[in-house]
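> Order-wise, the sequence lines are chains A and B. Using our numbering, count along the first sequence one by one with no gaps and you end on 668. Using our numbering, count along the second sequence one by one with no gaps and you end on 668. Beta carbons are placed, not taken as given, at the ideal position from N, Cα and C, and that holds for glycine. Given the structure is predicted, the values throughout are model-derived calculations rather than measurements.
Number of protein chains: 2
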Amino acid sequence: MKSSKRKIIYAVGIGPGNLNMITPEAKNIIEKCEIIAGYSNYIKQIMPLISENKEIIQSGMRGEIDRCTQALDKVLEGKSVAVISSGDAGIYAMGGLIAELIEYHQKYSEIEVLSVAGVTASSAAAAVLGAPLMNDFAVLSLSDLLTPRELILKRIAGIASSGLVCCLYNPGSIKRRDLLEYCIGKFREIQGDNIYVGIVWNATKENQATFVCKIKDFPFDKINMNTMVIIGNEFTVYKNGKLFTTRGYCEKYYDKNN
Amino acid sequence: MKSSKRKIIYAVGIGPGNLNMITPEAKNIIEKCEIIAGYSNYIKQIMPLISENKEIIQSGMRGEIDRCTQALDKVLEGKSVAVISSGDAGIYAMGGLIAELIEYHQKYSEIEVLSVAGVTASSAAAAVLGAPLMNDFAVLSLSDLLTPRELILKRIAGIASSGLVCCLYNPGSIKRRDLLEYCIGKFREIQGDNIYVGIVWNATKENQATFVCKIKDFPFDKINMNTMVIIGNEFTVYKNGKLFTTRGYCEKYYDKNN
């Protein structure tokens with residue numbers, strides 16, 4: 411049983427950035443909290459949901475620890491606070507950071523984080539492409555800010571060897587491209603040059619764009635931090651403008667009977 | 411450019427089953443389509459959104475090919491049709507099956523499937539537990555109806571060796587337990603007996619329940635087809651009733667400065 415005395419902080423996933431993709435649950439919590447905290451670009455995306463009387467705690471990239479500690483301090487003061495994340499609050503996002511901060515700082519130990527799941531970036535990108543995540547897949551971030559490079563390299567090899575479709579978060583920028591080059595090289599080595607890759611920029615938003623190619627033609631110069639890369643496997647096909655991974659329904663249920 | 415002449419079928423993810431977790435986009439499409447097709451249990455979940463004048467195509471477990479071909483036939487007749495899936499339409503769901511059917515049957519080739527992403531079961535379960543998917547993870551189904559067993563076994567070993575947190579869909583039933591036993595055994599062998607496992611039944615629904623334990627105490631007899639199992643890794647902790655995977659924020663940004 412939860413103690414009713416614990417103070418609550420909400421970690422809310424707002425989905426991929428289109429207001430039509432935010433859940434009623436997330437919307438309700440944003441509407442009822444006195445304070446909304448988030449990365450300034452995400453605050454902008456949900457501005458139509460934030461009434462004028464709210465206090466907003468926002469900051470830029472890499473300001474997340476600051477924002478979350480400010481938010482936790484406000485909870486200690488008795489305020490109701492929602493910390494928003496793009497996509498799902500629990501996938502490379504604020505839900506986990508807040509849990510870490512509560513564990514680390516004794517003063518926050520009376521606070522409980524309640525997470526509201528959202529449509530995550532890989533689901534949104536996959537839907538735009540077709541259905542590349544129809545069977546087993548992995549989700550991997552290529553950012554080495556927090557995860558040691560050796561672990562990322564090991565995971566790339568493990569995922570490629572397992573034949574899992576792979577969603578790459580933070581694939582790289584013009585500056586940081588070496589892990590992406592290693593990753594694409596490793597998949598080519600293990601899965602071959604002809605598996606498909608789908609790339610999505612700004613899924614569900616006005617400036618959404620997509621690109622599909624074979625992995626040997628991977629367009630490194632088009633990748634930025636707003637890009638989701640989905641590397642297919644041997645079962646991933648590209649037909650009629652749709653990228654999808656077959657599960658083998660037709661093969662199993664038709665071919666044998668015909 | 412999409413040809414404007416193609417006929418559309420919608421594959422709509424309704425989220426984990428609570429109406430507060432369905433996106434406005436999904437709701438709009440369900441409201442505007444003349445026909446709604448889906449597994450009868452999922453149709454029941456969204457019944458409050460379906461007005462009386464709609465035609466409903468529903469069937470039980472394993473009736474999915476039948477439902478989807480009926481739905482595609484209705485699109486050929488000029489009807490507007492939404493095929494619903496629990497969670498996300500593109501993850502072990504109808505979005506990919508419809509794409510397979512369109513590719514397989516020449517008569518459907520003029521139909522385009524448009525997918526609407528939803529909050530997937532692993533996101534919903536993770537939010538209930540805390541934030542176990544805060545860093546890299548894999549999503550694996552233990553159903554061998556469509557995927558060969560050897561491939562499932564290979565992926566289990568690959569995921570465990572890569573130190574990825576792992577979400578198990580279709581973990582097993584009282585009858586089919588051998589793949590789950592193999593999987594838990596392999597993770598114990600590679601990751602050790604003390605990694606945490608989080609289990610969620612019916613995430614976000616009225617009868618939601620959770621259980622967290624070390625993998626050595628895995629409760630095989632409590633697993634059914636409505637269960638989501640999340641196997642943690644060495645960075646997954648269980649504190650104050652929350653299961654979360656640390657990304658190392660506090661370690662990186664506090665310890666070195668203090």
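#1: In the DSSP assignment, what residue or residues form a beta bridge with K624(B)?
#2: May I ask you to report which of helix, strand or coil DSSP gives N668(A)?
#3: Check the C-beta distance from K484(B) over to I445(B) and give it rounded, since I have them as a contact under 8 Å.
#4: Taking the C-alpha atoms as reference points, what is the distance between K412(B) and L539(A)?
#5: Measuring only between beta-carbons, confirm whether I419(B) sits less than 8 Å from chain A.
#6: Exposed or buried, which one is D627(B) when buried takes at least 16 other CB atoms within 10 Å?
#7: So what's N428(B) in DSSP terms, helix, strand or just coil?
#8: Return the CA-CA distance between L561(A) and E465(B), expressed in angstroms with no decimal places.
#9: Answer yes or no: does any C-beta atom of chain B fall closer than 8 Å to that of D546(A)?
#10: Using a beta-carbon distance below 8 Å, is Y664(A) in contact with chain B?
#11: Taking the runs of the beta strand (DSSP E) that are 3 residues or longer, which of them lie wholly in the segment 552-616 of chain A?
#12: When you check each C-beta in the segment 425-444 of chain B against every C-beta of chain A, which residues fall closer than 8 Å?
#13: Tell whether a beta-carbon distance below 8 Å holds between V529(A) and T614(B).
#14: Between the alpha carbons of Q480(B) and A535(A), how many angstroms are there, rounded?
#15: In chain order, what residues of the same chain have a beta carbon less than 6 Å from the beta carbon of A421(B), not counting five sequence neighbours either side?
#16: Cβ closer than 8 Å: which chain A residues qualify as neighbours of N650(B)?
#17: Return the CA-CA distance between I460(B) and N438(A), expressed in angstroms with no decimal places.
#18: Taking the alpha-carbon of K670(B) as reference, which of F654(A), L555(A) and Q468(A) has the nearest alpha-carbon?
#19: Mapping DSSP to helix, strand and coil, what is E435(B)?
#20: Tell me T655(A)'s beta-bridge partners as DSSP assigns them.
#21: Taking C-beta to C-beta, are S571(B) and I605(B) nearer than 8 Å?
#22: Give the C-beta separation of L550(A) and I569(A) to the nearest angstrom, bearing in mind that I take them to be a contact with Cβ-Cβ under 8 Å.
So, from the listed chains and residues:
#1: Taking the first residue of the second sequence as position 1, residue 624(B) is located at position 214. Answer is Y606(B), bridged to K624(B).
#2: Indexing the first sequence from 1 puts residue 668(A) at position 258. Caution applies to N668(A), whose pLDDT of 44 falls short of 50 and renders its modelled position unreliable; the model cannot decide the point.
#3: Mapped onto the second sequence, residue 484(B) falls at position 74. Mapped onto the second sequence, residue 445(B) falls at position 35. Between I445(B) and K484(B) the Cβ distance is about 5 Å, and since that is below 8 Å, they are a contact.
#4: Numbered from 1 along the second sequence, position 2 holds the residue referred to as residue 412(B). Numbered from 1 along the first sequence, position 129 holds the residue referred to as residue 539(A). The predicted model places K412(B) with a pLDDT of 44, which falls under 50 and marks its position as unreliable, so this point remains unresolved.
#5: The count along the second sequence starts at 1 and reaches residue 419(B) at position 9. Cβ-Cβ to chain A under 8 Å: no for I419(B).
#6: Start at 1 with the first residue of the second sequence, and residue 627(B) comes out as number 217. By the 16-neighbour rule on beta-carbons within 10 angstroms, D627(B) is exposed.
#7: In the second sequence, residue 428(B) corresponds to position 18, counting from 1. N428(B) falls in the coil class under three-state DSSP.
#8: Start at 1 with the first residue of the first sequence, and residue 561(A) comes out as number 151. Start at 1 with the first residue of the second sequence, and residue 465(B) comes out as number 55. Taking the straight line joining both Cα atoms gives about 52 Å.
#9: Here residue 546(A) corresponds to residue number 136 of the first sequence, with the count starting at 1. D546(A) counts as touching chain B.
#10: For the purposes of this step, residue 664(A) is taken as residue 254 along the first sequence, with counting starting at 1. Answer yes: the Cβ-Cβ gap between Y664(A) and chain B drops below 8 Å somewhere.
#11: 575-579 and 606-611
#12: G425, P426, N428, L429, N430, M431, I432, T433, P434, E435 and N438
#13: In the first sequence, counting from the first residue as 1, residue 529(A) sits at position 119. In the second sequence, counting from the first residue as 1, residue 614(B) sits at position 204. Taking 8 Å as the Cβ cut-off, V529(A) and T614(B) do not qualify as a contacting pair.
#14: For this step, residue 480(B) is matched to residue 70 along the second sequence. For this step, residue 535(A) is matched to residue 125 along the first sequence. Between the alpha carbons of Q480(B) and A535(A) lies a distance of about 28 Å.
#15: Locating residue 421(B) in the second sequence gives position 11, counting from the first residue. The residues V493, A499, M504, G505, I508, V523 and S525, in chain order, have a CB closer than 6 Å to that of A421(B) in the same chain once the five nearest residues on each side in sequence are set aside.
#16: Counted from its first residue, the second sequence places residue 650(B) at position 240. Neighbours of N650(B) on chain A, chain order: I512, E513, S519 and E522.
#17: Taking the first residue of the second sequence as position 1, residue 460(B) is located at position 50. Taking the first residue of the first sequence as position 1, residue 438(A) is located at position 28. The alpha-carbon atoms of I460(B) and N438(A) are separated by roughly 22 Å.
#18: Examination of residue 670(B) is not possible in this model, given that chain B is present from 411 through 668 alone.
#19: Your numbering for residue 435(B) matches position 25 in the second sequence. Reduced to three states, the DSSP call for E435(B) is helix.
#20: One-based indexing of the first sequence puts residue 655(A) at position 245. Note: T655(A) sits in a beta bridge opposite T646(A).
#21: Mapped onto the second sequence, residue 571(B) falls at position 161. Mapped onto the second sequence, residue 605(B) falls at position 195. Cβ distance not < 8 Å, so S571(B) and I605(B) don't count as in contact.
#22: The sequence position of residue 550(A) within the first sequence is 140, counting from 1. The sequence position of residue 569(A) within the first sequence is 159, counting from 1. Correct: roughly 6 Å between the Cβ atoms.
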